[in-house]
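This note's numbering runs 75 ahead of the 1-based position in the sequence shown.
Yeah, the Cβ is synthetic: ideal placement off N, Cα and C, and Gly gets one too.
In this text the structure is predicted, and so the values were computed from the model without any measurement.
Have a look at the structure below, then the notes.
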Amino acid sequence: MIATETFKPLVLAQAKARKVEARLIVVKHPVGGLNAEELRERIEAATKGLTEATTK
76 MIATETFKPL VLAQAKARKV EARLIVVKHP VGGLNAEELR ERIEAATKGL
126 TEATTK
């Protein structure tokens, strides 16, 4: 799952309540309302996290 840092505690709490491992990639908040450069930074961070998570 990809979520912003603001929602990390919620994701972790929901995963714990459902007794599953949270496999989470966290990016800066917010994602909405960004200009192209800011959004590109979020996308690059998410892509890096996804690449690292899938190549372990």
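Judged by beta-carbon spacing, K123 lies beyond the 8 Å limit of L99, meaning their Cβ atoms are not closer than that value.
Classified as exposed, A92 has fewer than 16 neighbouring CB atoms from the shown chains inside 10 Å of its CB. The criterion of a C-beta distance shorter than 8 Å is not satisfied by E96 and A88. Where V102 is concerned, the enclosing beta strand (DSSP E) starts and stops at I100 to V102. One alpha carbon belongs to I118, the other to E127, and they sit about 14 Å apart.
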